[in-house]
Structure formats: structure tokens, C-alpha cells
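Enquirer: Quick one: this structure, given as C-alpha cells, is what I'll be asking you about.
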Amino acid sequence: MTQALARSKLALVLSGGGARGAYQAGVLRGLLDEGVLGANGAAIDVLVGSSAGALNAAMLAAHADDVPEGVQRLGDLWSNLEASQVFRTDLRSLGGIGMRWVRDLSFGGILRQTGVKSLLDNAPLRELLASSIGFERIRDNVAQGVLGALAVPATDLYTADGVVFLDSLPDVPLWRRGRWRVERTAIGVDHLLASSAIPIFFPPIEIEGRYFGDGSVRNTAPLSPAINLGAERIVAIGVRQPNVETGKRTHTHPPSIAQVAGALLDAVMLDAIGTDVEHSERVNSSLIAVPSDVPDHPFRWLDVLWLSPTKHFSDIAAEFAERIPPTVRYLMRGLGNDEETTELASYLLFDAEFCKRLIQLGREDVLMRREEIRAFFARPGD
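Just so you know, the numbering used here puts 196 at position 196 of the sequence shown, and the rest follows in order with no gaps.
Structure (C-alpha cells):
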């Protein structure tokens with residue numbers, strides 16, 4: 001096992017969420033400012049990222065030898081982001097996609113074939129990732145033992161099975177769980193695009209003859225890769241807003257397509273990591289009740305710090321709705337009115353000002369939980 005994995009076994013697990021991933025950059029900046037991460041703070045031994053979290057994890061992996069630099073670059077990337085760097089926003093491109101959808105939905109049964117693959121063309125994202133993330137640096141950091149492993153989940157869209165692309169040294173053992181398999185590889189642009197290919201919105205990514213989509217779809221246990229890689233302590237950063245108890249509410253009309261899409265994305269991409277953290281807490285509680293002389297207990301203690309937003313991203317997205325490219329805003333209004341599309345917009349609002357607001361929220365949330373965070377990093381294991 002690598003030196004990094006054997007040292008302290010601290011993992012960072014980042015969930016998906018499209019443009020919401022900017023919040024994670026803010027949390028990481030907050031942890032850096034508190035002095036608990038990087039430089040004189042704790043080193044990250046294992047990085048796990050799904051969807052937008054995969055992009056963030058890869059940037060940190062490329063700078064595992066200089067975490068402050070990696071966090072700075074990540075913040076700069078989100079703070080200067082434009083929608084045109086993630087997907088095509090010109091009328092010709094979006095109009096062509098729209099026409100193909102109309103053709104396939106209207107005449108697909110007659111033609112017996114379809115050509116449309118997604119609502120948006122995210123070809124620009126490939127160039128952004130290639131120019132922003134030093135993939136050779138990832139391999140160097142893994143080879144030198146600075147980083148134990150980088151794990152990026154994706155979903156095989158033909159088999160519906162999950163796969164974890166793992167960048168690690170050969171002596172790190174692989175594992176298999178249910179409908180998940182692990183493949184050791186040198187992680188590159190295609191793996192990140194595959195993990196972040198939000199179903200329907202972004203096209204599938206072909207890797208060695210197989211087609212992959214967003215890693216959050218099949219990822220019901222997001223902490224699992226970190227646990228299997230030997231992590232005993234995990235910092236998990238989600239992008240799901242807090243739950244609000246509203247009781248029973250009645251509505252005069254059924255939800256729009258935009259509201260249904262927002263609810264599905266929320267359930268598929270964001271719920272799993274929170275549920276997995278709760279599961280780890282239940283396991284820890286059961287371990288406390290187990291007598292210390294019980295041999296070969298199948299579970300082990302897992303110290304998890306769960307960080308998530310204190311505010312609703314949809315409310316923030318509503319403030320920046322006019323910054324969505326006009327052609328995209330026009331298409332979204334076909335799914336619902338402005339109020340109904342705010343949840344969906346929070347995934348697709350790849351805009352510098354919106355992202356800066358999420359980054360600031362991430363830093364503020366770290367300050368609010370400063371004592372709890374410092375206590376976590378002060379516990380034995382560093």
C-alpha cells in the first residue's frame with residue numbers, strides 16, 4: 001500500500017451537482033483559511049469525486065503536493081466561469097439540437113431511428129478541463145506517494161452498472177461491490193466528462209467502446225470507494241440545501257416538466273451522500289454498543305465530517321436567472337415559468353457571479369462550524 005494511504009487515511013469525498021460544485025470550492029477555501037487542510041494542516045490521502053465533484057477532485061489531485069495552490073486554482077476556475085465554456089450557447093447549436101428533438105419525437109416511430117443524444121452540447125467543457133487540470137501532475141503525485149488514490153465513479157449506460165475509475169499504484173487492492181466494479185487507469189479528460197455527463201442534459205462519453213454517464217446515477221454509497229481505499233476519516237462535502245419541514249401542502253395544478261426534472265436531479269444526484277453519511281453514523285453507534293472483546297467484528301469506526309449548504313441554491317439561482325444565456329433561458333421556459341425553473345437553473349447556471357456567491361456561502365458555512373471542524377481535525381489520526 002502506498003505511503004500516503006498508510007499515513008493517516010484521510011479522504012475527501014465530493015458529490016455532484018453541476019454548477020453547484022462551486023460551493024465545494026468555497027468550503028475548501030474555508031478549510032484552508034482555518035489552517036486545518038493543506039500546508040500546515042492535514043494532508044489528503046484519498047480523493048473521491050462524482051460528477052462536478054470529479055472535476056474538483058481532479059484539480060486537487062493535480063496539486064496534492066501543494067493543496068493551497070490547488071484550492072486557489074479551483075476557486076479561480078469557478079470564479080471566472082462562463083456558460084459558453086461548459087456547453088454551446090449559440091443559436092445555431094441549440095437550434096439544431098432543438099430541431100433534432102422535434103424530428104425524433106415526431107417522426108422517430110416512422111424513421112425507426114433517432115439522432116439526438118442530449119439537450120446540450122458540452123464540447124467546450126473538454127477544452128476547459130484539458131487546459132485547466134494537469135493530468136500528468138496527478139500521475140506524478142500518485143507515483144511519488146503524495147496522493148494515495150483518485151477515484152471517479154461513472155455509470156455504464158448500456159448495463160446500468162457502476163464503475164469506479166481508480167488512479168493509484170498497482171499495490172492498492174481493487175474491490176467489487178454489487179453492481180459496481182473498479183478499474184485502475186490513468187484518469188484523464190474522458191473520465192471526468194463521463195462522470196459529469198448529467199443524463200439527458202449532456203451526451204454520453206465513449207471510453208474504450210463503452211458509453212458512460214453521470215457517476216451519481218448508480219452511486220448509492222458515495223463513501224464506499226474511500227472506505228475500500230482504507231480511509232478511517234472522511235470529509236464529505238455535499239451541495240444539497242437543508243431540508244425544510246413543510247408538512248402537507250396542496251397544489252392546484254400538477255408540477256411542470258422543469259419541476260419534475262429538478263426533483264429527479266435532486267433525488268438522483270444529491271440524496272445518496274447524505275444518506276450514506278447517516279448510515280455511517282448508525283454503524284458507529286452500533287459499534288459503541290459492541291463489547292470490546294468481540295472478535296472479528298465486520299464493521300469498523302468511521303469518523304465523518306459532513307459539510308453541506310445552509311441556504312437553498314434555488315433561491316440564489318433566482319437572483320441570477322437573467323444571467324443564463326438567452327437561448328438556454330428560452331429553452332428552459334418551455335419547461336416551466338421562471339419560478340418553476342429555478343431549481344433546474346441552479347444545476348446549469350455556470351456563471352461567474354453565481355459561482356462566486358456559492359463560494360462565499362461555502363466559506364461562511366465553514367466559519368459557522370469552525371469549532372466542530374477544528375475538533376474533527378484535532379482528533380488522533382493526523
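Glycine included, C-beta positions come from ideal geometry on N, C-alpha and C.
#1: Could you give the residue range of the alpha helix (DSSP H) that holds Ala143?
#2: How many angstroms separate the CA atom of Asn337 from the CA atom of Asp351?
#3: Note down the Cα distance separating Val260 from Leu12, rounded to an integer number of angstroms.
#4: Counting pairs of beta carbons, one from the region 37 to 51 and one from the region 307 to 323, are three or more of them closer than 8 Å?
#5: Identify whether Val13 lies in helix, strand or coil by the three-state DSSP scheme.
#6: Just curious, the alpha helix (DSSP H) that Gly30 is in, first and last residue?
#7: Give the C-beta separation of Lys9 and Arg233 to the nearest angstrom, bearing in mind that I take them to be a contact with Cβ-Cβ under 8 Å.
#8: How far does the alpha helix (DSSP H) with Gly362 in it reach, from first residue to last?
#9: Please tell me whether Leu150 and Leu47 are closer than 8 Å, where the distance is taken between their beta carbons.
#10: Closest Cβ-Cβ distance between Asp161 and chain B: below 8 Å?
#11: Count the other CB atoms within 10 Å of the CB of Gly209; is the residue buried (16 or more) or exposed (fewer)?
#12: Grab me the residues of Ala54's own chain with a C-beta within less than 7 Å of its C-beta, minus the 5 sequence neighbours each way, in chain order.
#13: Could you tell me the alpha carbon to alpha carbon distance between Leu265 and Pro254, rounded to whole angstroms?
#14: Starting from the Cα of Leu367, find the closest Cα among Arg126, Gly70, Thr275 and Leu28 and give me that residue.
#15: Does the Cβ-Cβ distance between Pro309 and Tyr23 come in under 8 Å?
#16: In its own chain, which residues sit with a C-beta less than 6 Å from the C-beta of Pro173, not counting the 5 before and 5 after it?
#17: DSSP state of Leu335, grouped into three classes?
#18: List the whole-angstrom C-beta distance separating Arg363 from Gly30, where the pair is believed to meet the contact cut-off of C-beta under 8 Å.
#19: Tell whether a beta-carbon distance below 8 Å holds between Met59 and Leu74.
#20: Let me know the beta strand (DSSP E) ranges lying completely inside the region 145 to 175, each 3 residues or longer, listed in chain order.
#21: Just the Cα atoms here: how many angstroms apart are Thr185 and Gly148?
#22: Give the range of the alpha helix (DSSP H) segment to which Ile227 is assigned.
#23: So what does DSSP say about Gly213, is it helix, strand or coil?
#24: Given a cut-off of 8 Å, decide if Phe376 and Leu305 are closer than it, judged by their beta-carbon atoms.
#25: Residues in its own chain within less than 6 Å of Ile198 by CB, not counting five upstream and five downstream?
#26: Sort Leu32, Leu169, Ala160 and Val189 by Cα distance to Gly178 and report the nearest one.
#27: If you run the structure through DSSP and keep just helix, strand and coil, what is Leu60?
#28: Would you grab the beta carbon distance between Ile403 and Leu14 for me? Rounded to a whole angstrom, and I think it's under 8 Å.
#29: Quick one: measure Cβ to Cβ for Gly17 and Ser51, integer angstroms, because I've assumed they're closer than 8 Å.
#30: Going straight from the alpha carbon of Asn228 to that of Val182, what length do you get?
#31: Report the residue from Ser131, Asp190, Leu120 and Pro204 whose alpha carbon sits nearest the alpha carbon of Tyr158.
#32: Determine which residues share a DSSP beta bridge with Leu307 and list them.
#33: Just list the residues that DSSP pairs Arg184 with in beta bridges.
#34: Could you give the C-beta distance for Ile44 and Val67, rounded to a whole number, given that I count them as a contact under 8 Å?
Expert: Once the coordinates are examined:
#1: Within the sequence shown, residue 143 is the residue found at index 143, counting from 1. For Ala143, the enclosing alpha helix (DSSP H) begins and ends at Phe135 to Ala143.
#2: For the purposes of this step, residue 337 is taken as the residue at position 337 of the sequence shown. For the purposes of this step, residue 351 is taken as the residue at position 351 of the sequence shown. The straight-line gap from Cα to Cα measures roughly 20 Å.
#3: Here the question's residue 260 lines up with position 260 in the sequence shown. Here the question's residue 12 lines up with position 12 in the sequence shown. It is roughly 31 Å from the alpha-carbon of Val260 to the alpha-carbon of Leu12.
#4: No contact exists between the region 37 to 51 and the region 307 to 323.
#5: The count along the sequence shown starts at 1 and reaches residue 13 at position 13. Reduced to three states, the DSSP call for Val13 is strand.
#6: Here residue 30 is taken as the residue at index 30 of the sequence shown, counted from 1. Counting along the chain, the alpha helix (DSSP H) containing Gly30 begins and ends at Ala22 to Asp33.
#7: By one-based count along the sequence shown, residue 9 stands at place 9. By one-based count along the sequence shown, residue 233 stands at place 233. Indeed they touch by this definition, with Cβ atoms about 7 Å apart.
#8: Residue mapping note: residue 362 aligns to position 362 of the sequence shown, counting from 1. In the DSSP assignment, Gly362 falls within the alpha helix (DSSP H) that extends over Ala352 to Met368.
#9: Locating residue 150 in the sequence shown gives position 150, where the first residue counts as 1. Locating residue 47 in the sequence shown gives position 47, where the first residue counts as 1. Going by C-beta atoms, Leu150 is nearer than 8 Å to Leu47.
#10: Included in the structure is just one protein chain, with no chain B present.
#11: Taking the sequence shown and counting its residues from 1, one reaches residue 209 at position 209. Exposed, because fewer than 16 other Cβ atoms sit within 10 Å of the Cβ of Gly209.
#12: Here residue 54 refers to the residue found at position 54 of the sequence shown. The answer, listed in chain order, is Val152, Leu192, Ser195, Ser196 and Gly215.
#13: Taking the sequence shown and counting its residues from 1, one reaches residue 265 at position 265. Taking the sequence shown and counting its residues from 1, one reaches residue 254 at position 254. Taking the CA atoms as reference points, Leu265 sits about 18 Å from Pro254.
#14: The residue given as residue 367 occupies position 367 in the sequence shown. Checking every option, the nearest Cα to that of Leu367 belongs to Leu28.
#15: Here the question's residue 309 lines up with position 309 in the sequence shown. Here the question's residue 23 lines up with position 23 in the sequence shown. In this structure, Tyr23 lies closer than 8 Å to Pro309 by Cβ.
#16: For the purposes of this step, residue 173 is identified with residue 173 of the sequence shown, where counting begins at 1. Close CB contacts of Pro173 within its chain, under the 6 Å cut and outside five residues either way in sequence, are absent.
#17: As a first step, residue 335 is located in the sequence shown; it is residue number 335 there, counting from the start. Collapsing the DSSP output to three states places Leu335 in coil.
#18: On the sequence shown, residue 363 is found 363 positions in, with the first residue counted as 1. On the sequence shown, residue 30 is found 30 positions in, with the first residue counted as 1. Rounded to whole angstroms, the Cβ separation of Arg363 and Gly30 is 4 Å, and the two are in contact under 8 Å.
#19: Counted from its first residue, the sequence shown places residue 59 at position 59. Counted from its first residue, the sequence shown places residue 74 at position 74. Cβ distance < 8 Å, so Met59 and Leu74 count as in contact.
#20: Residue ranges of uninterrupted beta strand (DSSP E) with 3 or more members, entirely inside the region 145 to 175 and ordered along the chain, are 149 to 156 and 162 to 168.
#21: Counting from 1 along the sequence shown, the entry for residue 185 is found at position 185. Counting from 1 along the sequence shown, the entry for residue 148 is found at position 148. Straight across, the Cα-Cα distance linking Thr185 with Gly148 is about 14 Å.
#22: Your numbering for residue 227 matches position 227 in the sequence shown. In the DSSP annotation of this structure, the continuous segment of the alpha helix (DSSP H) that includes Ile227 starts and ends at Ser224 to Asn228.
#23: By 1-based counting over the sequence shown, the position of residue 213 is 213. Of the three classes helix, strand and coil, the one that applies to Gly213 here is strand, per DSSP.
#24: Counting from one through the sequence shown, the residue named residue 305 turns up at place 305. Counting from one through the sequence shown, the residue named residue 376 turns up at place 376. Their beta carbons are under 8 Å apart, which means Leu305 touches Phe376 by this criterion.
#25: Translated into the one-based positions of the sequence shown, residue 198 becomes position 198. Listed in chain order, the non-local C-beta contacts of Ile198 below 6 Å within the same chain comprise Asp214, local neighbours out to five positions each way being set aside.
#26: By one-based count along the sequence shown, residue 178 stands at place 178. Cα-wise, what sits closest to Gly178 is Ala160.
#27: Counting from one through the sequence shown, the residue named residue 60 turns up at place 60. Helix at Leu60.
#28: Summary: the structure shown does not reach residue 403, with the chain confined to residues 1 through 382, and so no result is reported for it.
#29: Reading the sequence shown from its first residue, position 17 is the one you call residue 17. Reading the sequence shown from its first residue, position 51 is the one you call residue 51. About 7 Å; that satisfies the 8 Å criterion.
#30: On the sequence shown, position 228 is the one that residue 228 refers to. On the sequence shown, position 182 is the one that residue 182 refers to. In this structure, the straight-line span from the alpha carbon of Asn228 to that of Val182 is close to 11 Å.
#31: In the sequence shown, counting from the first residue as 1, residue 158 sits at position 158. Answer by Cα proximity: Pro204.
#32: As a working mapping, residue 307 is identified with position 307 in the sequence shown. Beta-bridge partners assigned by DSSP to Leu307: Ile237.
#33: In the sequence shown, the residue the question calls residue 184 occupies position 184. DSSP lists Leu166 as partners of Arg184.
#34: Here the question's residue 44 lines up with position 44 in the sequence shown. Here the question's residue 67 lines up with position 67 in the sequence shown. A Cβ-Cβ distance of about 7 Å is found for the pair Ile44 and Val67, placing them in contact under the 8 Å criterion.
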